[in-house]
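Q: Residue numbers (the working numbering): 171 to 259. Got a structure here, written out as structure tokens. Questions coming.
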Amino acid sequence: MHACEALHNGFLADARKGAVMRIEHIAMYVNDLERAKGFFCRYFGAVPGDDYHNKKTDFRSCFLSFSDGARLEIMNKPNMDDMKAVLWI
171 MHACEALHNG FLADARKGAV MRIEHIAMYV NDLERAKGFF CRYFGAVPGD
221 DYHNKKTDFR SCFLSFSDGA RLEIMNKPNM DDMKAVLWI
């Protein structure tokens, strides 16, 4: 059995027992970190964590926490081509 299949089967078994599955965190690239942070805080009640900045690569990110425990990591890297901002699942 492939590792992903075993993991999937484990999730199904937990769901059958009544366990609630939830998303812990999702990450997304944004063009303007501060505007995105303001949007999620204003309209979704997110609470921002500390900003992260890698000075060598100019990568920046911030985790936003929501009341249900989920988190959204918003990320930015200047001059990044929009076509290279890919969802990683």
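Positions of the beta carbon are idealized from the N, C-alpha and C atoms, including for glycine. Since the structure is predicted, the reported quantities are computational estimates derived from the model, not experimental observations.
Helix, strand or coil for phenylalanine 210, going by three-state DSSP, please let me know.
A: Here residue 210 refers to the residue found at position 40 when the sequence shown is read from its first residue. Note: phenylalanine 210 maps to helix in three-state DSSP.
Q: Output needed for alanine 241: all residues of its chain with C-beta closer than 6 Å, excluding positions within five of it in sequence on either side, in chain order.
A: Here residue 241 refers to the residue found at position 71 when the sequence shown is read from its first residue. Sequence inspection shows arginine at residue 241; the alanine mentioned does not correspond to that position. His195, Phe233 and Ser235.
Q: Classify phenylalanine 214 as buried or exposed, calling it buried when 16 or more other Cβ atoms lie within 10 Å of its own Cβ.
A: Mapped onto the sequence shown, residue 214 falls at position 44. By the neighbour-count rule (16 or more Cβ atoms within 10 Å), phenylalanine 214 is not buried but exposed.
Q: Identify, in the order they occur along the chain, each residue of the same chain with its Cβ nearer than 7 Å to the Cβ of aspartate 228, setting aside the five sequence neighbours on each side.
A: Taking the sequence shown and counting its residues from 1, one reaches residue 228 at position 58. Cβ neighbours of aspartate 228 beyond the five flanking positions: Lys247 and Pro248.
Q: Apply the 10 Å Cβ neighbour rule to alanine 189 and answer buried if 16 or more other Cβ atoms are within range, or exposed otherwise.
A: By one-based count along the sequence shown, residue 189 stands at place 19. When all chains shown are included, alanine 189 counts as exposed.
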